[in-house]
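This report concerns only the one structure given below.
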Amino acid sequence: VLDLLLRQKPALTMYNSDGTIERMAAGEVAMHQQWNGAFHRAHAQRASLEYIYPKEGIRLFIDNFAIPRDASNVKEA
27 VLDLLLRQKP
37 ALTMYNSDGT
47 IERMAAGEVA
57 MHQQWNGAFH
67 RAHAQRASLE
77 YIYPKEGIRL
87 FIDNFAIPRD
97 ASNVKEA
């Protein structure tokens, strides 16, 4: 794994999931793997951003949540 990471180093800025919206909005990175909701928040700050899918397509996309039946505060959940 270390060998693979070292070979990728010249082409990468970082592996990091913190601050993705801010980095995209500021133009600090040219490409980023991003959830669509985070993309929309970044796009509101930088209209030139584009959300794209690989030309090969994607297998699956799921964005959901569940609230337990016995949640103590359903409104806050």
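Residue numbering for the sequence shown follows the numbering used here, beginning at 27 and increasing consecutively. Even glycine gets a Cβ: it sits at the ideal position worked out from N, Cα and C. Computed from a predicted model, the values in this text were never measured in an experiment.
*Identify which residue in Leu38, Leu75, Ala52 has its Cα closest to the Cα of asparagine 62.*
Leu75
*So, is methionine 50 buried or exposed, given that buried needs 16 or more other C-beta atoms within 10 angstroms?*
buried
*Taking the alpha-carbon positions, what's the leucine 38 to glutamate 48 distance?*
17 Å
*List the endpoints of the continuous alpha helix (DSSP H) containing glutamate 48.*
46-52
*Who are the near neighbours of phenylalanine 65 in its chain, counting only those whose CB is closer than 8 Å to its CB and skipping five residues on each side?*
Met50, Leu75, Tyr77
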